[in-house]
Amino acid sequence: MLSMEASSTPSTFHDLYSFGIQVLNTKDTDEKVNLSFLAQQLYEDGKIRVRPLDPNEMVKVRPPSVPARPDNITIVHPKQLHKRGAGTVENRAALIHSICHMESYAIDLSWDILCRFAILDYLPDEFLIDWFYVALDECRHFKMLSKRLTELASFYGQFPAHGGLWAAATATENDVMLRLCILHTVHEARGLDMTPNNIRRLREAKDFESADLLNVILEEEVSHVQKGVKWFKFCCAHAIREERRKNREEMQQQDSTQEEEVDENLIRQRFHHLVRNHTATGVLRPPFNHELRLKAGFTKDWYEPLIPSDETNASPSHATTSNDEEEVIH
């Protein structure tokens, strides 16, 4: 296990990018967490940069297509997962385990979007810093859930899990806008829909410790969706401006010296196009937690046009992690 002592820092780690590459190539999730917290300590002390001084380093060293993962996790089809619920201690442990597993993947996903797209020079350091702090949130969530599993006489790795999240990451590895759309808005927002009901069921089962944990996590996940929406808007606006610039060049028109405003309706239309063309079903089904989505800046005009015409809005209280995962993989 990597210690948090500064002496454990490899001398080649001068930036968040290098730390991220190391996290993604580390199997043990606890070690991923320790590396992430060490990066936080050094970054906040001003001892490491965001990006490498030499941008060519990001060309020479790229994140792995699939991150190193723990050896003790059995990956199965979602239909083979253990029953999750609040009725028995074992089922509650299975529920916490499934969320713990998602958080372990979320650590890798946050570092991956930082490292994979840091090479895009139009993305400011703020983009990388935002996802670094999301990664730190996910690390804390994993540690809290892992500790709770121990209290429930379980451990991370006791139950089988599924690998759908990384399948979606692989499908979006060459397109930052698609990655933000599919994983950091569509999928992340589905957690806002499902978690309140899991909290309610745990409270009904008198498992207040687990319920309180999920409540803490839920509050922080709202900010993660907010970052997904924020950076999708940024990247989409950049893409639209680039298209306009190229069109002007082709028509031999003078390029505008001022950065143009991009109508948010156009950005939402791009979002709808991506969901329709890059998800398994091309639709988003209710129930939705409108209140938490609004808090994240993910307003109804982003997702309601994607509801199938034969669906009606259901209460968020009907959404649980026992439902099939959001259809986000094409």
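For the sequence shown, position 324 (counting from the first letter as 1) is numbered 324 according to UniProt numbering, and the numbering increases by one without interruption. The C-beta atom is built at its ideal place from N, Cα and C for all residues, glycine as well.
Just reading off the alpha helix (DSSP H) that residue i is part of, what are its end residues?
i	result
ARG179	176-181
HIS187	Element bounds for HIS187: n/a, residue is neither H nor E.
MET58	57-60
residue 335	In the structure as shown, the chain starts at 1 and stops at 330, and residue 335 therefore has no counterpart that could be examined.
ILE119	Element bounds for ILE119: n/a, residue is neither H nor E.
residue 352	In this structure the chain extends from 1 to 330, so residue 352 is not present and cannot be described.
LEU274	264-278
Classify residue i: buried if its beta carbon has 16 or more other beta carbons within 10 angstroms, exposed otherwise.
i	result
ASN277	exposed
ASN25	exposed
HIS162	buried
VAL222	buried
ASN174	exposed
ASP15	buried
HIS273	exposed
LYS227	buried
GLY20	buried
THR279	buried
ARG62	exposed
LEU294	exposed
ILE75	exposed
TYR122	exposed
MET251	exposed
SER104	buried
THR257	Residue confidence is low: THR257 scores 46 on pLDDT, short of 50, so the model does not pin down where it sits. No coordinate-derived value is stated.
LYS32	buried
GLU291	exposed
GLN269	exposed
SER8	Unreliable placement is indicated for SER8, whose pLDDT of 33 sits below 50; the coordinate value is still reported in the next sentence. Exposed, because fewer than 16 other Cβ atoms sit within 10 Å of the Cβ of SER8.
THR150	exposed
Check residue i in the structure and name its three-state DSSP category.
i	result
ARG49	strand
ILE307	coil
ILE73	coil
ALA296	coil
ASP212	helix
THR257	Here the model assigns THR257 a pLDDT of 46, short of 50, so the residue's position is not dependable, and the following value carries that caveat. It is coil, neither helix nor strand.
ASP207	coil
ASP112	helix
GLU90	helix
VAL222	helix
VAL229	helix
ALA239	helix
Assuming residue i and residue j make a contact with CB atoms under 8 Å, what is their CB distance in whole Å?
i	j	result
VAL283	ILE307	7 Å
ARG92	ASP207	6 Å
ILE73	GLY191	Incorrect: roughly 20 Å between the Cβ atoms, too far for contact.
THR172	LEU183	7 Å
I'd like the ranges of any alpha helix (DSSP H) spanning at least 4 consecutive residues and lying wholly in the stretch 121-170. 125-151
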